[in-house]
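Colleague: For the record, the sequence lines run as chains F and L. Numbering of the first sequence is given in this note's numbering, commencing with residue 85 and proceeding in unit increments. Numbering of the second sequence is given in this note's numbering, commencing with residue 11 and proceeding in unit increments. I have a structure I would like to understand better, so I am pasting it below and will then ask my questions one at a time.
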Amino acid sequence: MYKVLYNKKISENSYEMLVEAPLVVKNALPGQFVIVMPREDGERIPLTIYDYDKEKGLLYLIYQVVGASTEELSMVTDEVFSVAGPLGNPNEICANPEEFKDKRIVYVAGGVGIAPVYPQVKYLHDHGFKVDVIYGARNVDLLLIRDKIEAVANKMMYVTDDGSFGDKGFVTTVLEQHINDYDICVSIGPVIMMKNVCDLTKKFNLHTIVSMNPLMVDGSGMCGACRCEVEGKPKFACIHGPEFDGHKINFNLALKRMNIYKQEEKEKWDQMKAKLSKEE
Amino acid sequence: MNDKKIKVRMQDAKERVKNFNEVELGYNDEEALQEASRCLNCKIPKCVEGCPVNIMIPNFIKAVKEGNLKEAYDIISESSSLPAVCGRVCPQEKQCESKCVKGIKGESISIGSLERYVADQAILNGFSSTKQIGKNGFKVAIVGSGPAGLTCAGDLAKNGFDVTIYEVLHKAGGVLTYGIPEFRLPKRIVQKEVDSLKALGVDIKTDVPIGNAITLNDLQEEYDAVFVGTGAGLPKFMNIPGEDGNEVFSANEILTRINLMGAYKDDAKTPIKKVKVAYVIGGGNVAMDAVRSLKRLGIEAHLMYRRGIDELPARKVEVEHAKEEGIIFDLLRNPKFIITDEKNSVVGMQVVKMTLGEPGADGRRNVIEEEGSEYFVGCDMVVMALGTSPNHEALKQSPIVLTEKGLIEVEGTKTSLDNVYAGGDAVTGAATVILAMEAGKKAAKEIIDRLIKKN
């Protein structure tokens, strides 16, 4: 069991959780992820690491409620059954900052994608980098942790679909305007957004790293549920990723593979909602 | 008349395909006594040689005959840490039972069923065999809680070592927990074995990915010895077109969802696809476990193997059970490619017939595609049970020497690193539970010899 210090709603459907997990954070680096089980009979939920305090052994997570299991996680108050990690590989820039010292770097985040982007920008900021961030969401209410990201980003560029904050449009609109200012792009968010970003950066030959979040079960290389097509070959996001060269990813396939259990997941969520409303 | 085994009672095939309860029900007291009475108690017992961990088989069978079940359990426990597991999943027909003198003219003694009987009675009656000596002050870390790690841990703990097991999943047991289905090895049995290790003082830390949370190097510095038993590794795929289809899974994924995550239960949080027709590709025990699990979900379950029935690497008894349960065997067949629709859902497979050729270098008969024999089969799931390739996650940032095949190189069980030992599938490639246990046992002995006898 892992003690949960808080688990609070931070937007319409997103939550922030603080959990005691000293062994998980001890050697964690930005880009890695964890697998959380709300209860012993729960599902294994892969979540990217949003922040950590190594001295206090604390792990910060941000997650979106997208189904029965994340709904169950959102109802946790005191403890979670399992937190395994850190899993996967660190972001390649954070793992070898020296190699990227003279590079101009832009991060492009969408929605809750800001959660995995934040520790990378913070880490690079702490290592003397000046990193710009383009952050988009549907509307102003869905822009998360603005104070925290602003404190570590060199320049923040916001964009919303409805223009309720920052520019009106999409992250790609903003990125295109500034695309010649950068040598490397790191994009994390919904798969469709990462695909659009990569379609754009390919045209401009801007190296782009993306973080894939496919279905997973064990997260340690055993099951192969998370395989993505990279340069025509299957790679496991859990141990070969989760970050890959975005220009080598087959995004159309990744989008389709996200739907494998869509029907089963919907049924389970509907059952859960029905049960919850009965209890009320 | 006594040249025949006492048959083990089983759940009727028609019933058992509707549940995940254990197939074999095991001997009752009378049956065990009768079977034990068949044993000749040979002066030079060949069966013991056939057992990878050299259980003193005639001695425990004699104790059963005399009604001393506690004594029988103690005799088995001297050699084996997981008797309730081995009694169920060991390929006895290729090991102890194949050497039994009774087998020359009739049927060998059912050693496996008797072992299981003794182990189950021990659980029922709360026997424990914790002959433990005082702490010796040495600390050993074990990476992976599968059969190799559990066995190594048990032997070391009994000899006074402080043992910590690191497991990446949330439950201990490795393949015994995520891989072998409930109907062959009930999870309560695995839990009992794990609990008895805990009673010996073994500390099991779950959720810890060695290589990321703690490196092998960290463990080397913190502990007097390390045993690596990380198991078989990444599931292999065929590299054929369509394999990225939404309903193409590894057998590991199907089994993990069902066994570790309990996806077969109605109220499970982890889903599993309940399709109409599924093909499992492969012929080993993992393929058999996967196909029989799918059958129990109400799926028309096929097993497709490129060689013939006699070449199936799975245990004979599993093949028999699978046939009884209505698994459809498509032998001498191989998929060419998988066909998916616009949503990436599997709709079928193009299959080719195969012909057996001459034995190859490994002694197994080659197979050749029959020209012009391709045909289409409709299905909505394909499961690959083709073995594994090594997983080096736990070895990250470590200079440990690997073989050409990427397995951990060992001499005995000692790796190239100081005080680091390894065994089980991480060293041999995918093999059996008992061989992993044998390696765990050998490593424990080498660690004891090195740390205690040399000091």
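Cβ atoms here follow ideal geometry from the backbone N, Cα and C, with glycine treated the same way. Because the structure is a prediction, the values reported are computed rather than measured.
Of all Cβ atoms in chain L, is any one closer than 8 Å to the Cβ of residue 117/F?
Modeller: Judged by the 8 Å Cβ criterion, residue 117/F is not in contact with chain L.
Colleague: Residue 178/L to residue 154/L, Cα distance in whole Å?
Modeller: So the two alpha carbons sit approximately 7 Å from each other.
Colleague: Return the bridge partner residues of residue 91/F from the DSSP annotation.
Modeller: The partner list for residue 91/F (beta bridge, DSSP) reads 101/F.
Colleague: In the structure shown, what three-state DSSP assignment does residue 229/F receive?
Modeller: Note: residue 229/F maps to coil in three-state DSSP.
Colleague: Check residue 220/L in the structure and name its three-state DSSP category.
Modeller: Three-state DSSP puts residue 220/L in a strand.
Colleague: At which residues does the alpha helix (DSSP H) containing residue 450/L begin and terminate?
Modeller: Unbroken alpha helix (DSSP H) run through residue 450/L: 443–458.
Colleague: Let me know if residue 361/F comes out buried or exposed under the rule of 16 or more other beta-carbons within 10 Å of its beta-carbon.
Modeller: Flag for residue 361/F reads exposed.
Colleague: Determine the closest residue to residue 35/L out of 272/L, 283/L and 192/L, with distance taken between C-alpha atoms.
Modeller: Residue 35/L has its Cα closest to that of 192/L, out of 272/L, 283/L and 192/L.
Colleague: Comparing C-alpha positions only, which one of 354/F, 212/F and 223/F sits nearest to residue 181/F?
Modeller: That would be 212/F, whose Cα lies nearest to the Cα of residue 181/F.
Colleague: For residue 159/F, which of 358/F, 91/F, 295/F and 343/F has the nearest alpha-carbon?
Modeller: Answer by Cα proximity: 91/F.
Colleague: In chain F, which residues lie with their C-beta within 7 Å of the C-beta of residue 280/L?
Modeller: Neighbours of residue 280/L on chain F, chain order: 127.
Colleague: Ordered along the chain, which non-local residues of its own chain (more than five positions away) have a Cβ less than 6 Å from that of residue 229/L?
Modeller: Excluding sequence neighbours, residue 229/L sits near 151 and 236.
Colleague: Hey, residue 396/L and residue 291/L are a contact pair by Cβ (cut 8 Å); roughly how many whole angstroms apart?
Modeller: Confirmed, about 7 Å.
Colleague: How about residue 178/F and residue 204/F: do their beta carbons lie closer than 8 Å?
Modeller: Cβ atoms of residue 178/F and residue 204/F: closer than 8 Å.
Colleague: Let me make sure I understand the geometry here. Which of 60/L, 62/L, 447/L and 67/L has the alpha-carbon closest to that of residue 51/L?
Modeller: Taking only the C-alpha atoms, the option nearest residue 51/L is 67/L.
Colleague: So, are the CB atoms of residue 218/L and residue 430/L less than 8 Å apart?
Modeller: No.
Colleague: Could you check whether the region 241–254 of chain L touches the region 385–405 of chain L, counting it as contact only if at least three pairs of C-beta atoms, one from each stretch, sit closer than 8 Å?
Modeller: Enough Cβ pairs lie closer than 8 Å, so yes.
Colleague: Leaving out five residues on either side along the sequence, give the residues of the same chain with a beta carbon under 7 Å from the beta carbon of residue 11/L.
Modeller: Note on residue 11/L: pLDDT 48, under 50, position unreliable in the model; the coordinate value appears next. Within the same chain, residue 11/L has no close Cβ partners at all.
Colleague: Please confirm whether residue 165/L and residue 404/L have their CB atoms less than 8 Å apart.
Modeller: Not in contact: residue 165/L and residue 404/L (Cβ atoms no closer than 8 Å).
Colleague: Using Cβ-Cβ distances below 8 Å, what residues of the region 340–358 of chain F are close to chain L?
Modeller: Residues passing the 8 Å Cβ filter: 340, 341, 343, 344, 345, 348, 349 and 352.
Colleague: Does DSSP classify residue 265/F as helix, strand or coil?
Modeller: If DSSP states are grouped into helix, strand and coil, residue 265/F belongs with the helices.
Colleague: One question on the structure: do residue 361/L and residue 256/L come within less than 8 Å of each other, judged by their Cβ atoms?
Modeller: No, the pair does not count as a contact, with Cβ atoms beyond the cut-off.
Colleague: Alpha carbon to alpha carbon, how far is residue 102/L from residue 322/L?
Modeller: Near 17 Å, if we compare the C-alpha coordinates of residue 322/L and residue 102/L.
Colleague: Could you check what DSSP says for residue 434/L in three-state terms: helix, strand or coil?
Modeller: Residue 434/L falls in the coil class under three-state DSSP.
Colleague: When the Cα of residue 254/F is compared with those of 307/F, 87/F, 219/F and 168/F, which residue comes out closest?
Modeller: Residue 219/F is the option with its Cα nearest to residue 254/F.
Colleague: Using beta carbons (cut-off 8 Å, strictly below), is residue 307/F in contact with chain L?
Modeller: Answer yes: the Cβ-Cβ gap between residue 307/F and chain L drops below 8 Å somewhere.
Colleague: Check whether chain L comes within 8 Å of residue 110/F, counting only Cβ atoms and requiring the distance to be less than that.
Modeller: For residue 110/F, the answer is yes, since a Cβ of chain L falls inside 8 Å of its Cβ.
Colleague: From this set, 150/F, 122/F and 167/F, which residue's C-alpha is nearest residue 223/L's C-alpha?
Modeller: Looking at the Cα atoms, 167/F is the closest of the given residues.
Colleague: Cβ of residue 247/L less than 8 Å from any chain F Cβ?
Modeller: Chain F, which has a Cβ nearer than 8 Å to the Cβ of residue 247/L, makes this yes.
Colleague: I'd like to know whether the C-beta of residue 179/L is nearer than 8 Å to at least one C-beta of chain F.
Modeller: For residue 179/L, the answer is yes, since a Cβ of chain F falls inside 8 Å of its Cβ.
Colleague: Can you tell me whether residue 143/F is helix, strand or coil according to DSSP?
Modeller: Of the three classes helix, strand and coil, the one that applies to residue 143/F here is strand, per DSSP.
Colleague: For the candidate residues 268/L, 283/L and 271/L, whose alpha-carbon lies nearest to that of residue 258/L?
Modeller: Here the closest residue by C-alpha is 283/L.
Colleague: If you draw a straight line from the C-alpha of residue 299/L to the C-alpha of residue 195/L, how long is it?
Modeller: If I take the Cα positions, the gap works out to 11 Å.
Colleague: Hey, residue 118/L and residue 107/L are a contact pair by Cβ (cut 8 Å); roughly how many whole angstroms apart?
Modeller: Going by Cβ atoms, the distance from residue 118/L to residue 107/L rounds to 4 Å, so yes, they are a contact pair.
Colleague: Determine whether the Cβ of residue 323/F lies closer than 8 Å to any Cβ atom of chain L.
Modeller: Output row for residue 323/F: interface = yes.
Colleague: Could you list which residues in chain F have their beta carbon closer than 7 Å to that of residue 217/L, in chain order?
Modeller: Within 7 Å Cβ-Cβ: 166, 167 and 168.
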